[in-house]
Amino acid sequence: GSVADQHNKLATMSLMAGKPTVVEKPLTLGYDEASKLVQLAKQKNIFLMEGMWTRCFPAMRKVRDMIAAGEIGDICCVQGDFGWSTKDNGPEDRIWFPESGGMTLDIGMYMVQLGQVAFPNSPIERIQAMGKKKNGVDHTVVANIQYEDRGMLQFYVTGEANTEERVVIQGTSGRIVLDSPAHVPTTVRLLKDEGRGAAEETLLEYPLPDDTYTTWNYPGSIGFFHQIEAVADALRNGEKECRHFTLNDSLQIASTLDAILQQVHSSEESSTQQAEAMSV
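Residue 224 in my numbering sits at position 215 of the sequence shown, and the numbers go up by one each step.
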């Protein structure tokens, strides 16, 4: 696949050639580029999707249905983590590229999209983020996102370790748990509140398609089947975006990642200045 700093150029070329286009995450390196790409797709009346394959999984679609049906009441908080160890990634690896590297642009969107699942169509009221850098790029980031008149999303991403990668969506009358690896969800646990420390649990399982005939570079890659199926359905129906992950979803995520990165880089500079002042 292409490196993130090439996504905008290649996607533009594809749209200009009149081709329905699916772009690997991130759609572009920021909101400004993303909004122009979306505008181009709409002007050309051509299908465009950022490849947020997680949203196409049956398990994730079930989670959205349960939230919409009020299965766990009003959502108050979402917590998640995603990390993979970069210790074996050499200095030439894409993760260290100054413009497109770092963990936020690599996996941060997996976490941010959870807010859209829990609080559909809700604008973001406030973002707080801080982090640490390695080799000049963000390497561990913690973020809190508050949604207007709704609840909050709290997460971290890191390149320091292979984390559990588990998601908890907490409602006023229960919770939904996506077990590891949450970005390739195959199990959904619904826990209905029965009092403090007690809950009735229902386990829902959505096994991946059979992939014993091959091997993959990344675990769970057979799950791309669900995204391929969703895109094929959209094209057959003459739709110009994927209903599971819309262009507005992409734009909100791009804007959010911009804000997170701005705060992370600002907080790192501020911390350095404070440390220098304290050492004088």
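Where is the CB? At the ideal position from N, CA and C, for every residue including glycine.
Using only the alpha-carbon positions, how far apart do residue i and residue j sit?
i: leucine 39; j: valine 72; result: Per the sequence shown, the amino acid found at residue 39 is glycine instead of leucine. Cα to Cα, the separation comes out at about 28 Å.
i: leucine 24; j: arginine 205; result: 54 Å
i: proline 218; j: phenylalanine 233; result: 10 Å
i: alanine 239; j: leucine 256; result: 15 Å
i: alanine 50; j: aspartate 115; result: 24 Å
i: alanine 241; j: histidine 148; result: 36 Å
i: asparagine 54; j: aspartate 97; result: 43 Å
i: serine 262; j: alanine 208; result: For the sequence presented, residue 262 should be read as isoleucine rather than serine. In a straight line, the C-alpha of isoleucine 262 is about 33 Å away from that of alanine 208.
i: valine 150; j: glycine 99; result: 21 Å
i: methionine 22; j: isoleucine 178; result: 39 Å
i: histidine 253; j: aspartate 83; result: 21 Å
i: arginine 245; j: lysine 143; result: 45 Å
i: isoleucine 136; j: serine 264; result: 11 Å
i: glutamate 248; j: isoleucine 237; result: 14 Å
i: aspartate 74; j: isoleucine 269; result: 29 Å
i: isoleucine 76; j: arginine 70; result: 10 Å
i: methionine 287; j: alanine 138; result: With a pLDDT of 47 at methionine 287, under the threshold of 50, the modelled position of that residue is not reliable, and no figure is offered here.
i: arginine 184; j: isoleucine 81; result: 6 Å
Could you tell me whether the Cβ atoms of residue i and residue j are closer together than 8 Å?
i: lysine 127; j: glycine 160; result: Note that residue 127 is alanine in the sequence shown, not lysine. Yes; because the gap between Cβ atoms is below 8 Å, this pair is in contact.
i: glutamine 163; j: glutamine 88; result: yes
i: aspartate 202; j: threonine 196; result: no
i: isoleucine 154; j: isoleucine 133; result: yes
i: phenylalanine 56; j: threonine 37; result: no
i: leucine 199; j: threonine 181; result: no
i: methionine 118; j: leucine 266; result: yes
i: leucine 46; j: alanine 20; result: yes
i: tyrosine 215; j: alanine 68; result: yes
i: leucine 5; j: alanine 43; result: Since the first residue shown for the chain is 10 and the last is 289, residue 5 is missing from the structure and cannot be characterised.
i: cysteine 251; j: methionine 58; result: yes
i: leucine 157; j: serine 131; result: Residue 157 is actually glutamate in this sequence, not leucine. Taking 8 Å as the Cβ cut-off, glutamate 157 and serine 131 qualify as a contacting pair.
Sort out for me which residues DSSP pairs residue i with in a bridge.
i: tyrosine 165; result: Asp90 and Val151
i: alanine 4; result: Only positions 10 to 289 of the chain appear in the structure, and residue 4 is not among them; the question remains open.
i: arginine 184; result: Gln179 and Leu200
i: glutamine 137; result: Asn153
i: methionine 58; result: Val31
i: valine 146; result: Lys143
i: phenylalanine 254; result: Cys251
i: glutamate 214; result: Thr196
Determine contact between the stretch 153-171 and the stretch 83-93, defined as no fewer than three beta-carbon pairs at a distance below 8 Å. yes
For the pair the stretch 185-201 and the stretch 57-68, tell me if three or more CB-CB distances fall below 8 Å. yes
Entirely enclosed beta strand (DSSP E) segments - the stretch 59-130, minimum 3 residues: 84-92
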